[in-house]
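Start counting the sequence shown at 8; every next residue gets the next number (our numbering). Every residue gets a Cβ at the ideal spot worked out from N, C-alpha and C, and that includes glycine.
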Amino acid sequence: MRWKIFLFLIYVLFGFYFINVSLNFVEIPEFISDLDSWIMLIGGALIILSGFEHFLIGGRNKKILAVNE
C-alpha cells in the first residue's frame, strides 16, 4: 500500500511540473531546469505506463462483471 502512495506522489509532482512548465506560476530553480529533458522523458514514461494500467484494469473489471452476471 505504501508504494501506491509513493507512486501517487510521483505522479502529482510530475503533473505539477508539467502544468508549471506551461503556465509558469512558480519559479523553477536553474538546476531543475537543466534536467528538463530527463524530467520530460520520465514523465512521458509514467503517462504511458498509467495508460497501460488503466486499460488492463478496465479489461479485468469487464471480465469480473461478466462472470458475476
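Hey, could you find the ends of the alpha helix (DSSP H) ILE12 is sitting in?
9 to 30
Coil, strand or helix - LEU56 by DSSP
helix
Tell me the DSSP secondary structure of GLU37 in three-state form.
helix
Under 8 angstroms, with one C-beta from each stretch per pair, do the region 28 to 40 and the region 52 to 63 reach the 3-pair mark?
no
Do you know whose CA, among PHE13, LEU20, TRP10, MET8, lies nearest MET47's CA?
LEU20
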